[in-house]
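Chains Y and E, in that order, give the protein sequences. Taking this note's numbering, the leading residue of the first sequence gets 1, the next gets one more, and so forth. Taking this note's numbering, the leading residue of the second sequence gets 1001, the next gets one more, and so forth. C-beta atoms are modelled at their ideal positions from N, C-alpha and C, and glycine is treated no differently. A quick note: this is a predicted structure, and the numbers were derived from the prediction, not measured.
Number of protein chains: 2
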Amino acid sequence: MPSEQILIIGGGPAGLEAARGVADLGYKVVLAEARQFLGGTPIAENYAALTHGMRDASEVMGEMSAAVTNNPLVDLRLNSRVTACSGSAGEFRVTIESGDAGDVVDVGAVIVATGFKHFDPGRATQQYGYYQYDDVLTLQDAEAMLKERKFVRPSNGNVPERVCFIQCVGSRDRHIGNEYCSKVCCGIASKQAIEIRQLLPQCKVFIFYIDMRMYGYWENEIYWPAQEQYKVNYIKGVISEITMKGDRLMIRGEDTTMNRPMEVPMDMVILSVGMEPSEGTKSIASILGVVQNKYGFIETPHGSLDTVATSVPGIFVAGSAAGPKDLDDTIGMAGAAAMKAAGLVRRLAQAQLATA
Amino acid sequence: MPSEQILIIGGGPAGLEAARGVADLGYKVVLAEARQFLGGTPIAENYAALTHGMRDASEVMGEMSAAVTNNPLVDLRLNSRVTACSGSAGEFRVTIESGDAGDVVDVGAVIVATGFKHFDPGRATQQYGYYQYDDVLTLQDAEAMLKERKFVRPSNGNVPERVCFIQCVGSRDRHIGNEYCSKVCCGIASKQAIEIRQLLPQCKVFIFYIDMRMYGYWENEIYWPAQEQYKVNYIKGVISEITMKGDRLMIRGEDTTMNRPMEVPMDMVILSVGMEPSEGTKSIASILGVVQNKYGFIETPHGSLDTVATSVPGIFVAGSAAGPKDLDDTIGMAGAAAMKAAGLVRRLAQAQLATA
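So this is what it looks like as structure tokens:
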């Protein structure tokens, strides 16, 4: 007899939305989250406001978590990892380990929502000195400071007068093996630039970019206000090196619009690091036997026509476990995955009844 | 007693995916399409291959249509328009007119999937001479030619030697009132550039752009091959005028990377026109009483956290009726809308049972 219960792996935005959706359709959910808390990367990494609606991350994730923790159809398992899986669509047997205890559950379908990790700028981009200079940060370092509403130079605690973002660190880069664009970094840098200007109106903010990928409404909702209302300076250029000059950072590169070399002092530099598959995504793909693409994200072989199906029938993916996604993508995919997983277990149960 | 039937308005990619999804969850669908055929804009406008998976549009839309036309849970109404709506979530009464006949149906929820229309380049961009020169085309004109695999100069039937695309026609433009980015035009121009180079290996192809918005996997799947394998020439520049010189088009503007004026002959120019709300989207928004944004697209007031809810509970939106969307967005939203609409009618029916 096929199971009508659905396993969701990961309790970030994708997993929470999928869990709420499946329960809303009347099906039971087992939600396994490896951390001791729900909310995923926005909570683990202390995100400030979420793009592009600018709502407070803790508030949003709190609402999404509450919809799941208070739901009688959701069997929530924190501090829990999926360690084995056998069977096929309708009849998966999954081992979930929680601390020392293990448990085997029967589920009809699985939704993988194990997310991404931020690119580590020390790995192959040493010219930016992330592990060398205190005032060189990543987007997530800056995000945590903006959440505290205290944005100062880590090296001396002073308020910065000049801050810049360097885009595409770890993305669009064959040298490090990540040819893809990470999709959200242009928008998040622009959002942070606005937040810095709100907090420190005297601080000059620069964004060095290749292409500003402010697609759709990010253009009018974030990019135009950043330029016109908040006077963020966007400079098409390539930064090739960061050094120290006195107590300031000196960035060197080329302004590709003005077609000239530049050497500019900055108090803080923020590296717009891209997305890579999380360790959880890579290990769960292997445990479940779903195909990964060359970057390690979970492959969605049907492309745009079915953005949540994996290579294994009955196993779906939602959010950035499948590649660089923004929050709109993630929430849309989670809803679609909930629909497909519930539709599948319903269909299998009906087929079983018809042959009984 | 609330109705568990769901009305879907529009039979393009969003409407077809939503209809299949709702039926898969076991709920009845009334699918109203104004045209005499299913498939939406990809069929009406003779699209060739769909981005970014490059599958044939007729084949894809044929599969999506078949899943709905053969479905006993889908009441398909072609040549049908929704002309009135009253009631509220769970108990909408909707008038559907099909030719001379009218019908009133009770539905618990509504999914609007009425799509976009292509920007008309004659309205406010006369400098490009779309209505003046035969060899100035739009993306959809080029698409229809590529579908026929016959790409020639409309003025004289000759094979072109030099073709260029001009990006952001009708988008990112305050002058014409469309500040937003239309999201897909960079990808579609790049896809068409590849198709032209495949068909006519001797033809030089240029794309004049502000920012190449090849977000996520469009970067590695389309943009890199376009440059490296198909030798498409991407030039950051602004084209301000098109005139004739002999029997060729002469484009004038500025190469903003080289920082110099340019005047270049072309055999054909393709205007990468953006998205505007379709007439159906604007009229249905008014009939249903859902709030539109300043551009006329249907507003989604909950932003990234709920990309399919409109201002009216029980009325959902999927696809480009809500703004510029790519196919991934559209299919994700359609799945999410199917889940939310089905979840809502289920919840309302249960509440009714509980009080009965």
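Open item on the list: Can you tell me whether E/N1220 is helix, strand or coil according to DSSP?
Closed with: helix
Open item on the list: Does the CB of E/V1060 have a neighbour CB from chain Y at under 8 Å?
Closed with: yes
- [ ] Taking only beta carbons into account, state which residues of the region 1257-1286 of chain E come closer than 8 Å to chain Y, listed in chain order.
- [x] T1257, M1258, N1259
Task: Neighbourhood of E/G1099 by C-beta, 7 Å cutoff - its chain only, sequence neighbours within 5 removed - done: N1079
Task: Backbone CA spacing between E/P1324 and E/V1184 [nearest angstrom] - done: Between the C-alpha atoms of E/P1324 and E/V1184 there is a straight-line separation of about 8 Å.
TODO: Find out if the Cβ-Cβ distance for the pair E/E1143, E/E1045 is shorter than 8 Å.
DONE: yes
Open item on the list: For a contact defined as C-beta to C-beta under 8 Å, what are the partners of Y/K340 on chain E?
Closed with: Within 8 Å Cβ-Cβ: G1021, D1024, G1335.
Open item on the list: the ligand SAH and Y/M54: does any heavy atom of the ligand fall closer than 7 Å to the residue's C-beta?
Closed with: As far as ligands go, the structure on display features none, and thus does not contain the ligand SAH.
TODO: Starting from the Cα of Y/G335, find the closest Cα among E/I1008, E/E1004, E/E1017, E/L1007 and give me that residue.
DONE: E/E1017
Task: Rounded straight-line distance, which links the Cα of Y/T310 to that of Y/T257 - done: 42 Å
TODO: Spell out whether any CB of chain E is found under 8 Å from the CB atom of Y/E254.
DONE: No, its Cβ sits nowhere closer than 8 Å to a Cβ of chain E.
Task: Touch test, the region 1206-1215 of chain E against the region 1164-1171 of chain E, Cβ-Cβ under 8 Å, three pairs minimum - done: yes
Open item on the list: In whole angstroms, give me the CA-to-CA distance for E/A1113 and E/V1317.
Closed with: Linking E/A1113 to E/V1317 through their CA atoms gives a straight-line distance of about 6 Å.
Open item on the list: Does the CB of Y/P225 have a neighbour CB from chain E at under 8 Å?
Closed with: no
Task: The beta strand (DSSP E) enclosing E/S1240, as first and last residue numbers - done: Residues 1233-1245.
Open item on the list: DSSP three-state label for Y/D75, please.
Closed with: The answer is strand: DSSP assigns Y/D75 an E or B state.
- [ ] Report the residue ranges of all alpha helix (DSSP H) runs contained in full by the region 1094-1182 of chain E; include only those spanning at least 4 residues, in chain order.
- [x] 1139-1147
TODO: Assign E/D1328 to one of three DSSP states: helix, strand, or coil.
DONE: In this structure, E/D1328 counts as helix in the three-state DSSP scheme.
TODO: Please name the residues in the region 1171-1204 of chain E whose beta-carbon is closer than 7 Å to at least one beta-carbon of chain Y, in chain order.
DONE: R1172, E1179, Y1180, C1181, K1183
- [ ] Could you tell me which of E/F1116, E/N1233, E/Y1230, E/V1264 sits nearest to E/G1012, measuring between CA atoms?
- [x] E/F1116
Task: Cβ-based contacts, 7 Å cut-off: residues of the region 1210-1238 of chain E near chain Y - done: Flagged, chain order: D1211, M1212, R1213, M1214, Y1215, G1216, Y1217, E1219, N1220, W1224.
- [ ] Starting from E/D1332, find everything on chain Y with Cβ-Cβ shorter than 7 Å and list it in chain order.
- [x] Before going on, a small fix: residue 1332 of chain E reads as Gly here, not Asp. Those are T307, D329, G332, M333, A336, listed as they occur along chain Y.
- [ ] Tell me, please, which residues DSSP counts as bridged to E/S1088.
- [x] E/E1091
Open item on the list: I believe E/T1095 touches E/V1273 by the beta-carbon criterion, under 8 Å. Please report the beta-carbon distance rounded to the nearest angstrom.
Closed with: So it is not a contact: roughly 34 Å between Cβ atoms.
- [ ] Starting from E/L1288, find everything on chain Y with Cβ-Cβ shorter than 9 Å and list it in chain order.
- [x] Correct list: empty, because the minimum Cβ distance to chain Y is about 21 Å.
Open item on the list: Taking a contact to mean a Cβ-Cβ separation below 8 Å, would you say Y/V107 touches Y/L7 in this structure?
Closed with: yes
Open item on the list: Taking 6 Å as the limit between beta carbons, can you name the residues of its chain near E/T1243, skipping five residues before and five after?
Closed with: M1250
Task: Backbone CA spacing between E/A1337 and Y/D306 [nearest angstrom] - done: 15 Å
Open item on the list: DSSP three-state label for E/P1277, please.
Closed with: Correct three-state label for E/P1277: strand.
TODO: Kindly list the residues whose CB is nearer than 6 Å to the CB of Y/I189, restricted to its own chain and excluding five residues on each side of it in sequence; keep chain order.
DONE: First, the amino acid is wrong: residue 189 of chain Y is Ala here, not Ile. Result list for Y/A189: F165, I207, S272, in chain order.
- [ ] Would you mind telling me which residues of chain E sit closer than 7 Å to Y/P324, beta carbon to beta carbon, in chain order?
- [x] G1216
TODO: Consult DSSP for E/Y1031 and reduce its assignment to one of helix, strand or coil.
DONE: For the sequence presented, residue 1031 of chain E should be read as Leu rather than Tyr. The answer is strand: DSSP assigns E/L1031 an E or B state.
Open item on the list: When you compare the region 1253-1267 of chain E with the region 1118-1126 of chain E, are there three or more beta-carbon pairs, one atom per stretch, that lie closer than 8 Å?
Closed with: no
Open item on the list: Against chain E, which members of the region 28-61 of chain Y pass a CB distance test of less than 8 Å?
Closed with: L50, T51, H52, G53, R55, V60
- [ ] Report the neighbours of E/G1303 on chain Y: residues whose CB is nearer than 7 Å to its CB, in chain order.
- [x] The answer, in chain order, is G53.
TODO: Give the straight-line distance between the Cα atoms of Y/D24 and Y/E228, rounded to the nearest whole angstrom.
DONE: 43 Å
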